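The block underneath contains the structure these notes are about, expressed in structure tokens.
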Amino acid sequence: MGLVGVQEKGNGEVGLSIGTKNKYRRMDSEVTEDFDDGSHHHHQEKRSSSTRKYVLACAIFASLNSVLLGYDVGVMSGAIIFIQEDLKITEVQEEVLIGCLSILSLFGSLAGGRTSDIIGRKWTMALAAIVFQTGAATMTLAPSFEVLIIGRFLAGIGIGFGVMIAPIYIAEISPSVTRGSLTSFPEIFINLGILLGYVSNFAFSGLPEHISWRVMLGVGILPSFFIGAALFIIPESPRWLVMKNRVEEARTVLLKTIDNEAEVEERLAEILLAAGTGSAEKYEEKAVWREMLSPSPSLRRMLITGFGIQCFQQITGIDATVYYSPEIFQGAGIQDKSKLLAATVAVGVSKTAFILVAIFLIDKLGRKPLLYVSTIGMTVCLFSIGVTLTFIGQGQVGIAMAILFVCSNVAFFSVGIGPVCWVLTSEIFPLRLRAQAAALGAVGNRVCSGLVAMSFLSVSRAISVGGTFFVFSVISAISVLFVYALVPETKGKSLEQIELLFKDEHEWQGSEVELGDVVHLVQKQ
Numbered sequence: 130m131g132l133v134g135v136q137e138k139g140n141g142e143v144g145l146s147i148g149t150k151n152k153y154r155r156m157d158s159e160v161t162e163d164f165d166d167g168s169h170h171h172h173q174e175k176r177s178s179s180t181r182k183y184v185l186a187c188a189i190f191a192s193l194n195s196v197l198l199g200y201d202v203g204v205m206s207g208a209i210i211f212i213q214e215d216l217k218i219t220e221v222q223e224e225v226l227i228g229c230l231s232i233l234s235l236f237g238s239l240a241g242g243r244t245s246d247i248i249g250r251k252w253t254m255a256l257a258a259i260v261f262q263t264g265a266a267t268m269t270l271a272p273s274f275e276v277l278i279i280g281r282f283l284a285g286i287g288i289g290f291g292v293m294i295a296p297i298y299i300a301e302i303s304p305s306v307t308r309g310s311l312t313s314f315p316e317i318f319i320n321l322g323i324l325l326g327y328v329s330n331f332a333f334s335g336l337p338e339h340i341s342w343r344v345m346l347g348v349g350i351l352p353s354f355f356i357g358a359a360l361f362i363i364p365e366s367p368r369w370l371v372m373k374n375r376v377e378e379a380r381t382v383l384l385k386t387i388d389n390e391a392e393v394e395e396r397l398a399e400i401l402l403a404a405g406t407g408s409a410e411k412y413e414e415k416a417v418w419r420e421m422l423s424p425s426p427s428l429r430r431m432l433i434t435g436f437g438i439q440c441f442q443q444i445t446g447i448d449a450t451v452y453y454s455p456e457i458f459q460g461a462g463i464q465d466k467s468k469l470l471a472a473t474v475a476v477g478v479s480k481t482a483f484i485l486v487a488i489f490l491i492d493k494l495g496r497k498p499l500l501y502v503s504t505i506g507m508t509v510c511l512f513s514i515g516v517t518l519t520f521i522g523q524g525q526v527g528i529a530m531a532i533l534f535v536c537s538n539v540a541f542f543s544v545g546i547g548p549v550c551w552v553l554t555s556e557i558f559p560l561r562l563r564a565q566a567a568a569l570g571a572v573g574n575r576v577c578s579g580l581v582a583m584s585f586l587s588v589s590r591a592i593s594v595g596g597t598f599f600v601f602s603v604i605s606a607i608s609v610l611f612v613y614a615l616v617p618e619t620k621g622k623s624l625e626q627i628e629l630l631f632k633d634e635h636e637w638q639g640s641e642v643e644l645g646d647v648v649h650l651v652q653k654q
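In the working numbering, the protein residues as written are 130 to 654.
And the structure:
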């Protein structure tokens, strides 16, 4: 029911003024026309429903690569216990093995922006799947730590491609009014992958140690078959097609994703204008990077917002919480391997369940209220984990509180900064720069993720696990201020209107949403 309402609202929302006029004109015409208009209205509703289903299918298929990333993150947290025993690796090697994936994926993200501008968004997703699967197969059969690292290298490059391109593709193919929800899909699938990784750990932990981790990693190869099938179903991004002067093909795709023909033409005109096709403006990779290195004031604001939110998503320690949750629970007093892995499944369930809350609210309440709830909630939870591990220590109370606050922390992450971060970076940049700028944001995300994952054990040894979480809580508090000062509200605006929003400094900083909206959100929940 909610979706139908959303779509009706979406029909009228093309430009700020044009769309509103259209809506009233259509309502007016319904009153004055004859009975045969009823059949036209029925046809329009039927088309609206099939359009919604088509866009939804595209978003789901484009998000399948994200399952691979999530599965790898989740499965490695448990598999590392068995890899340690089987290959006799040191603690430093363990940190390198876990953290290098994020650092390596930045090369994939950097290359992904340019690759997607050359071969298209769709085939970049295919390339991501092939490279990742080669890496996953290498890791599964690895006889030594060195070969394991080679597999990890390939998996990291593939993940970098996939993580960067899926949100851009979905943002470019979705109608404005459902774009937030649909662009959050990759984050849902990452969480689903993490949960599947945790379940896989738990399911295969009874096997002999030299087989168990190989089976855990090997199961990650399965999603590639679905990704292969998806490529025959999803279309290319209409905005990429316009960039390549394939305007008729772009119109065909827009007709499948927007149910009102007048809106299709208006949206196509907006895209042509944004791409610079109307003035025959051509841009090369060099020109794009030159513009990003010496940005205009509005582009500088976009880069600060996009790059900043990506970095804050990771430096608040989410990957440390997910990768090292067995170590955190061990510190709280859980010793049994099977119980440790069962506790991590609870973390995966929390992370996945609460992403659904974000999906339902992101286009109704907007991006900013969710970011407030998320960052404030995480600050409290991270501080509480620090208190639990430092002052309460081992025992039943310590275990219960550690599980509660770790699960709450990942839940708050999933409600806001997890999905909203990717939504924002895929929608705030101008079309000519979108792929490259979003790639830069993804690089910031992966570097921060890698630094946290590769240093967590060492820092924990130096200042204790609890002390490390106190540091994360301070960083999380800073992220609240960042959201307040530098993140605008983009709900319900077309990608081209968002570009104009950043040109007005007052709009960018005031951004329509105040902390009072959070009270409204909490009451709704």
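Just so you know, even glycine gets a beta-carbon here, dropped at the ideal spot from N, CA and C. In this text, all values refer to a predicted model and were calculated from it rather than measured experimentally.
Three-state secondary structure (DSSP) of residue i
i      : result
TYR613 : helix
ASP448 : helix
LYS468 : helix
GLN523 : coil
THR619 : coil
ASP388 : coil
TYR453 : coil
HIS169 : Low per-residue confidence applies at HIS169: pLDDT is 49, beneath 50, and the placement is therefore not dependable, though the value from the model is reported in the following sentence. Residue state, collapsed to three classes: helix.
GLY506 : helix
LYS493 : coil
ASN538 : helix
ALA255 : helix
GLY249 : coil
THR434 : helix
THR362 : With the sequence shown as reference, residue 362 is identified as Ile, and Thr is not the correct amino acid for it. Here ILE362 sits in coil by DSSP.
GLY289 : helix
LEU351 : coil
ASN320 : helix
LEU336 : coil
ALA416 : helix
PRO424 : coil
LYS632 : helix
GLY545 : coil
THR219 : coil
LEU226 : helix
SER192 : coil
Beta-carbon spacing of residue i, residue j below 7 Å
i      : j      : result
THR481 : LEU321 : yes
ILE218 : GLY579 : no
VAL202 : VAL451 : yes
MET268 : LEU346 : yes
GLY287 : GLY264 : yes
SER313 : PRO559 : no
LEU511 : SER605 : yes
ALA540 : ALA461 : no
LEU311 : ILE299 : yes
GLY435 : ILE557 : yes
ILE323 : GLY506 : no
ARG242 : GLN626 : First, the residue type needs correcting, since residue 242 is Gly and not Arg in the sequence shown. No, the pair does not count as a contact, with Cβ atoms beyond the cut-off.
PRO296 : PRO315 : yes
ALA472 : PHE458 : yes
GLY570 : THR554 : yes
SER427 : PHE631 : yes
ILE350 : VAL371 : no
THR597 : VAL588 : yes
Cβ neighbour criterion (16 or more within 10 Å) applied to residue i
i      : result
ALA212 : The sequence shown places Ile at residue 212, rather than the Ala named in the question. So ILE212 counts as buried.
ASN374 : exposed
PRO367 : buried
ARG575 : buried
ILE491 : buried
GLU220 : exposed
PRO352 : buried
ILE210 : buried
LYS622 : buried
VAL348 : buried
LYS411 : Bear in mind that the predicted position of LYS411 carries a pLDDT of just 47, short of 50, making it too unreliable to give a figure here.
ALA404 : buried
GLY524 : exposed
PRO272 : exposed
GLU377 : exposed
ALA214 : The sequence shown places Glu at residue 214, rather than the Ala named in the question. Result: exposed.
TYR153 : Because the pLDDT of TYR153 is 37, which lies under 50, any placement of that residue in the model is unreliable, and the number read from its coordinates should be weighed accordingly. Result: exposed.
CB contact check: residue i to chain D, cutoff 7 Å
i      : result
GLY237 : You won't find chain D in this structure, because it holds only one protein chain.
The segment 249-266 / the segment 581-594 touching (three or more Cβ pairs under 8 Å): Under the three-pair Cβ rule at 8 Å, the segment 249-266 does not count as touching the segment 581-594.
Sufficient close CB pairs (3 or more, under 8 Å) joining the segment 176-189 to the segment 386-397: yes
At least 3 beta-carbon pairs within less than 8 Å: the segment 321-340 vs the segment 291-303: no
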